[in-house]
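Presented below is the structure to which this report refers.
Numbering (full-length UniProt numbering), first residue to last: 1 to 126.
Take a look at the structure:
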């Protein structure tokens, strides 16, 4: 009773696998160029992830160069930089954190106290 039905099911499964494989082949033939293009676009987007636009970077570098001795923009300057670059404030903050860490040399010990006095007034040195 159960033996004949098993063979029939195997044949149906074989046909489904064959037709599924044929369908996959047809779809790949028809859409492989599109899939390749999507893969390329996806990889390109991930590669550029994290890179800021060149124009924005140039604006930030200009500010950096002008304020190299104390490269800590005020909140108002950060807002202005965000508006002029099209970046959000978090990106501005992160750029300056990274830039200082990678490229800024702290003022020498001899310069720190006069600098702190200039910033915080005479209360600092007393």
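Note that the Cβ used here is the ideal one computed from N, Cα and C, for glycine as well.
Apart from sequence neighbours up to five positions away, no residue of its chain approaches residue 69 with a beta-carbon distance below 6 Å. Per the coordinates, the alpha-carbon of residue 15 lies some 16 Å from the alpha-carbon of residue 26.
Annotated as proximal: residue 82 and residue 89, with beta-carbon spacing under 8 Å. In the three-state scheme derived from DSSP, where H, G and I count as helix and E and B as strand, residue 40 is classed as helix. The DSSP-derived three-state label of residue 106 is coil. DSSP, reduced to helix, strand and coil, places residue 87 outside both helices and strands of the structure shown, so it counts as coil.
Taking C-alpha positions only, residue 61 is separated from residue 43 by approximately 28 Å. Counting along the chain, residue 64 sits inside the alpha helix (DSSP H) bounded by residues 54-66.
At the C-beta level, residue 85 and residue 56 come within 8 Å of one another. The C-alpha of residue 12 lies about 12 Å from the C-alpha of residue 20. Between residue 87 and residue 53, the alpha-carbon positions lie close to 9 Å from each other. Pairing residue 22 with residue 28, the inter-Cα distance amounts to about 10 Å.
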